[in-house]
Ligand SMILES: Cc1cc2nc3c(=O)[nH]c(=O)nc-3n(C[C@H](O)[C@H](O)[C@H](O)COP(=O)(O)O)c2cc1C
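Rendered as structure tokens:
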């Protein structure tokens, strides 16, 4: 609880927000794949300042990811084709989770990706039993051949995978949606109907960059996922459409680099936000986003960010 003097009176803001039975101490979560397992950033920023961390996408077995080059800068954005490089879920639980558990009040979200329904189910069972706070089901990775986005881009496939993991998931189940679809509302409803406790969006937008001298794609994978400020208006629109279509909470992301950016998503209906690519530019960006949200609360006399969530006044 932080207090300030407003119009002569003591004005208190509690930045805490509820998220399907959990309490985030503020609405800002580091986005999966851009914050490692937290440890990588601990030297540069205070992890206690964050509401939560969604760790790098985990698979049942370790993965080396795609061949490089797999990162390319674009105008106001980044294209990546990392392809879920990670040490595997068991190594995460053994080597990384204890470090994150050392930050009381930090909500730890395990981002889980599979190639088949059976893999998703086994992985979610393992992670939810291991003591993470929530699972973020990654059905939206554009950089893997099997699974990933192919599960998130069809209502039927999305519904099947969410229904399959629901019974084994003992923690809140957040389903991360892909923006590479025509109607995000239909996918949001399909995930909710199949048992999701919350939604997060957007994952990256499928893109491509070409080296005109070599006439080759810049990424070895040919295509990759676009993130960063370039995608923000698309992400805000999709967050608004998804949040208006479901009753479960929505976490918004895509290009957030400031408190004002985060507030756009929250006015559009997101109860919390994730910050991704901006961590590569400034590793302490999350705490600046938190301060920006607090300043906005004070400016509009909100004692909690929840008071302005969904406060958009559409024309
Ligand atoms: C290098 C990189 C790796 C990523 N890896 C993952 C991942 O493992 N799992 C996932 O769900 N999203 C992953 N993402 C997507 C981000 O979590 C986020 O959804 C997306 O980048 C949009 O947010 P941003 O513009 O703030 O980065 C990755 C993004 C980047 C840039």
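Numbering (my numbering), first residue to last: 37 to 351. Ideal placement from N, C-alpha and C gives every residue a C-beta, glycine not left out.
Where residue i sits in the DSSP three-state scheme
i	result
residue 203	helix
residue 44	Legend: pLDDT at residue 44 = 43, less than 50; position of this residue unreliable, no value from coordinates given.
residue 344	coil
residue 418	Because the chain spans 37 through 351 in this model, residue 418 falls outside it and cannot be assessed.
residue 57	coil
residue 51	coil
residue 339	coil
residue 127	helix
residue 82	coil
residue 353	Residue 353 cannot be examined here, being either before or after the span of the chain that is shown, 37 to 351.
residue 197	helix
residue 160	helix
Residues bridged to residue i (per DSSP)
i	result
residue 209	171
residue 110	113
residue 349	None, per the DSSP bridge assignment.
residue 122	99
residue 242	261
residue 252	247
residue 66	89, 311
Boundaries of the beta strand (DSSP E) in which residue i is found, first to last residue
i	result
residue 146	143-148
residue 90	88-90
residue 94	It is not in any beta strand (DSSP E) - residue 94 carries neither H nor E in the DSSP assignment.
residue 133	Not the beta strand (DSSP E): residue 133 falls in the alpha helix (DSSP H), residues 133-136.
residue 236	234-237
Alpha helix (DSSP H) segment containing residue i, residue limits
i	result
residue 315	314-317
residue 327	321-335
residue 222	220-229
Residue i CB to nearest heavy atom of ligand 2 below 7 Å
i	result
residue 67	No copy of ligand 2 occurs in the structure displayed; its ligands are ligand 1 alone.
Query raised in the report: Touching or not, the segment 157-167 and the segment 120-131, by the rule of three or more beta carbon pairs under 8 Å?
Result: yes
Query raised in the report: Would you call the segment 233-243 and the segment 279-295 touching, i.e. three or more CB-CB distances under 8 Å?
Result: Counting C-beta pairs closer than 8 Å gives three or more between the segment 233-243 and the segment 279-295, which meets the contact rule.
Requested in this report: Answer yes if the segment 105-125 comes into contact with the segment 135-144, meaning at least three C-beta pairs across the two stretches below 8 Å, and no otherwise.
Outcome: no
Query raised in the report: Any chance the segment 309-321 sits against the segment 337-344, with 3 or more Cβ pairs inside 8 Å?
Result: no
Query raised in the report: Three or more beta-carbon pairs under 8 Å between the segment 195-212 and the segment 169-178, yes or no?
Result: yes
Query raised in the report: On the three-pair Cβ rule with 8 Å, is the segment 78-96 touching the segment 246-261?
Result: no
Query raised in the report: Given 8 Å as the limit, is there contact between the segment 47-66 and the segment 269-276, that is, 3 or more CB pairs closer than that?
Result: Because the criterion of three Cβ pairs below 8 Å is not met, the segment 47-66 and the segment 269-276 do not touch.
Query raised in the report: Where in the segment 265-305 do unbroken runs of the alpha helix (DSSP H), each at least 4 residues long, occur, reported from the N-terminal end onward?
Result: 268-281, 295-303
Query - Contact the segment 195-202 vs the segment 256-273: 3+ CB pairs below 8 Å - result: no
Requested in this report: Decide if the segment 61-72 is in contact with the segment 218-233; the criterion is three or more beta carbon pairs, one per stretch, under 8 Å apart.
Outcome: no
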